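Working notes for the structure below.
Protein chains: 2
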Amino acid sequence: MDMTTKLTAAAERLFDRHGYMATGMDRLTEAAGMSSRTLYKNAGSKAALMARVLTERDRRFMARLEVRTVDALFAALEDWVRVEGCRGCLFLRSRAETGGDTPEIAEAVAAHKEAFHRRVGEVVATDLGREDPALAEQVLVLFEGATHAAVYRGAQTVSAAKAAAAILLERARS
Amino acid sequence: MDMTTKLTAAAERLFDRHGYMATGMDRLTEAAGMSSRTLYKNAGSKAALMARVLTERDRRFMARLEVRTVDALFAALEDWVRVEGCRGCLFLRSRAETGGDTPEIAEAVAAHKEAFHRRVGEVVATDLGREDPALAEQVLVLFEGATHAAVYRGAQTVSAAKAAAAILLERARS
DNA sequence: ACCAATGTAAAACGATCGTTTTACATTGCA
DNA sequence: TGCAATGTAAAACGATCGTTTTACATTGGT
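If you read the sequences in order, they're chains F and U. Counting along the first sequence from 1, when you hit position 107 you're at 107 in this note's numbering, and nothing is skipped either side. Count along the second sequence starting at 1, add 1000, and that's the number in this note's numbering.
Quick look at the structure:
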């Protein structure tokens, strides 16, 4: 595992578990097992590192959402929370922590959320056989809600969202 | 307006807009218009101040949710985001920023989310005429989802959630 | 008239922040 | 054999962190 991969993985773990602002660079160097000199040579700055973490996470997350049905969309979320745990959306959290004042971070978040929104629209269209932006918005809300409610209600929120989405989809079909 | 009220209001504004960790005490003293000596005499510590902000916000938020129908629940959220804007849930954000490692904050968040969960269950039971924990969970997910999706999709997520909840409720009734 | 309370302004506390630098070790290729 | 690249360890950078302290002003009640 090269230094870039190791650093990005360590950073994602710490930022996700303890927050971006609360994670100091010394904690990061220790977790990544490298000197601060190497870290900065590799990442440039803390904000750039966070942006890279988000871009990498977007890649991994969106890869799981390459599905054809709304049901599979929520099944993918179930897998995700089983693997990654329930700590809410790292993208929204990063943006909120920095008040949207760190351009590199704000841009990575905006790019992800736009891609996510598009993907939900595509899956709904594929599953339903036609575009339905209003339904897609509802599915997006359920997805986002399951993600955040899971923080204090546990993974059951994802099955609740999945069931709700199935009802909405069935109704849209008839 | 006494010092306690002024400080709490200023703190809520800054913590909400820029994040808890990113808000320094000097910024806080300036916004509250008081010396740091008075601030600490009044609040004790930064974490205690955040806990007070959350407790006060819980009071204000829950007061708006004293309704009898699910529709009114989402109407209340519509009012809330119109007044307070769309920056996600301050409770979950605070907890995430501190990794749950600040007891005063973690407790305030847990208390609020438990009260919120109970309230949603009550409103669903009142509206439906009977308890329905599964439906209540779905409504909670929609509420939380509208709150967080609104950060990047705008207030329309609340009407989307409201419409979805109406469909789920109608189906549960027949 | 005076004491106690309550406030301000500002310096200082040690700690930690993100980042850069200095000095040195290892390694792979020409 | 030697140079360039890539790494480490550790000190240092100035800035800022949350918090306490010192010294002083104002004010309301008995």
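From the three backbone atoms N, C-alpha and C, an ideal C-beta is built for every residue, glycine too. Nothing here was measured: the structure is a model prediction, and the numbers come from that model.
Check                                                                                                                                                            : Outcome
Counting contacts by CB-CB distance shorter than 7 Å, is F:A48 in contact with chain U?                                                                          : no
Could you give the first and the last residue of the continuous alpha helix (DSSP H) run that contains U:G1121?                                                  : P1103 to L1128
State the Cα-Cα distance for the pair F:F61 and F:G100, rounded to the nearest angstrom.                                                                         : 22 Å
Going by CA-CA distance only, name the one from F:D58, F:V70 and F:V123 that's closest to F:K162.                                                                : F:V70
Just the Cα atoms here: how many angstroms apart are F:G19 and F:E66?                                                                                            : 28 Å
Ignoring anything shorter than 4 residues or poking outside the region 57–96 of chain F, list the alpha helix (DSSP H) runs there in chain order.                : 70–84
Who are the near neighbours of U:L1169 in its chain, counting only those whose CB is closer than 6 Å to its CB and skipping five residues on each side?          : V1070
CB U:H1112 to CB U:D1058, shorter than 7 Å?                                                                                                                      : yes
Using the rule of at least 16 other Cβ atoms within 10 Å of the residue's Cβ for burial, across every protein chain shown, is U:L1011 buried or exposed?         : In the sequence as displayed, the identity of residue 1011 of chain U is Ala instead of Leu. Its Cβ being crowded by 16 or more others within 10 Å, U:A1011 is buried.
Quick check on the burial criterion: 16 or more other C-beta atoms within 10 angstroms. Buried or exposed for U:E1107?                                           : exposed
So, U:T1157 versus F:V120, is the Cβ gap smaller than 7 Å?                                                                                                       : no
Can you pull out the residues from the region 1140–1153 of chain U whose beta carbon lies closer than 8 Å to at least one beta carbon of chain F?                : L1140, V1141, L1142, F1143, E1144, G1145, A1146, T1147, H1148, A1149, V1151, Y1152 and R1153
So if I threshold CB-CB distances at 8 Å, which residues from the region 1086–1103 of chain U count as touching chain F?                                         : R1087, G1088, C1089, L1092, R1093, R1095, A1096, E1097, T1098, G1099 and D1101
Should F:D2 be labelled buried (16 or more other beta-carbon atoms within 10 Å of its own) or exposed?                                                           : exposed
So, are the CB atoms of U:A1032 and U:K1006 less than 7 Å apart?                                                                                                 : yes
Can you find the residues in the same chain that come closer than 7 Å, C-beta to C-beta, to F:S36, ignoring five residues on each side of it along the sequence? : M25 and T29
Quick one: measure Cβ to Cβ for U:E1144 and F:A149, integer angstroms, because I've assumed they're closer than 8 Å.                                             : 4 Å
How big is the Cα-Cα spacing for U:E1181 and F:R130?                                                                                                             : No answer is possible for residue 1181 of chain U: the residues shown for chain U start at 1001 and end at 1174.
So which residues on chain F does U:R986 lean against when the C-beta distance must stay under 7 Å?                                                              : The first residue shown for chain U is 1001 and the last is 1174, placing residue 986 of chain U beyond what the model contains.
Less than 8 Å between the CB atoms is what I'm expecting for U:A1022 and F:M21, so what's the real figure, rounded?                                              : 6 Å
Whose C-beta lies closer than 7 Å to the C-beta of U:Q1138 among residues of the same chain, with five residues either side of it excluded?                      : L1168
Given that F:R17 touches chain U, what residues does it touch there, using C-beta distances under 8 Å?                                                           : G1099
Using a Cβ cut-off of 7 Å (strictly closer), state whether F:K113 contacts chain U.                                                                              : yes
U:M1021 versus chain F: which residues are under 7 Å apart at the beta carbon?                                                                                   : G19, M21, A22 and E97
When you compare the CB positions of U:T1096 and F:G88, do they come within less than 7 Å of one another, or not?                                                : Note that residue 1096 of chain U is Ala in the sequence shown, not Thr. Taking 7 Å as the Cβ cut-off, U:A1096 and F:G88 qualify as a contacting pair.
U:A1012 CB to nearest chain F CB: under 7 Å?                                                                                                                     : In the sequence on display, residue 1012 of chain U carries Glu and not Ala. With 7 Å as the cut-off, U:E1012 does not count as an interface residue toward chain F.
In terms of residues, what are the limits of the alpha helix (DSSP H) holding U:D1132?                                                                           : First-last for U:D1132: undefined, no H or E at that position.
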